[in-house]
Amino acid sequence: MEHEPYRQHKETLEGCGWKVLEAHAGVSMVAAPRAYLGKWITVKDGTTAFQAKLNDSNIREAMLKATGLCINSASWTGIPGYCRFTTALEDGEFERALDCIVNFKKVVNI
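Residue 112 is where the sequence shown ends in the numbering used here, and the numbering goes up by one at each step.
Below is the structure:
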């Protein structure tokens, strides 16, 4: 039986175009940004802008700049194309992380 936070996180990621690897224990979730690869993103911050064609090397920076959510990239996970999301968060932080995932989808226009 899946725990509620795991289920919520998995459903949010999958609904936003991520391919989630099944997990049976742990405090993190690993997923690939399938729907985002090759898409362009532009994030404006005052007078500067971050613009990139998304790939597994820059998705971490793009997510952080667009939403403030820090994830680990494929270079951290050691699994090509897969990022790591922490699920061991306090309730308020967990809900904020889910909102960031949904907002990132809107920013990239998936």
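A virtual CB, placed ideally from N, CA and C, is assigned to each residue, including glycine.
Residues bridged to residue i by DSSP?
i, result
"Trp42", "Lys55"
"Thr50", "Asp47"
One question on the structure: do residue i and residue j come within less than 8 Å of each other, judged by their Cβ atoms?
i, j, result
"Pro7", "Thr89", "yes"
"Arg36", "Trp20", "yes"
"Ala34", "Gly80", "no"
"Thr49", "Cys102", "no"
Going along the chain, which residues of its own chain have a beta-carbon closer than 6 Å to the beta-carbon of residue i, five neighbours each way excluded?
i, result
"Lys55", "Trp42"
"His11", "Met31 and Thr89"
"Gln53", "Thr44"
"Lys67", "Val45 and Phe52"
Starting from residue i, trace the alpha helix (DSSP H) in both directions and tell me its first and last residue.
i, result
"Ala64", "Ile61 to Thr69"
"Arg98", "Asp93 to Val110"
"Thr89", "Note, Thr89: premise wrong, no alpha helix (DSSP H); not H, not E."
"Ala76", "Ala76 to Thr79"
"His11", "Glu6 to Gly17"
Over the uninterrupted beta strand (DSSP E) stretch that includes residue i, give me the two end residues.
i, result
"Ala33", "Ser30 to Ala34"
Keeping to the same chain, check which residues put their C-beta closer than 8 Å to that of residue i; ignore five residues upstream and five downstream.
i, result
"Asn111", "Lys41"
Whose C-beta lies closer than 7 Å to the C-beta of residue i among residues of the same chain, with five residues either side of it excluded?
i, result
"Val104", "Thr14 and Cys18"
"Val22", "Lys12, Leu15, Glu16, Met31 and Ala33"
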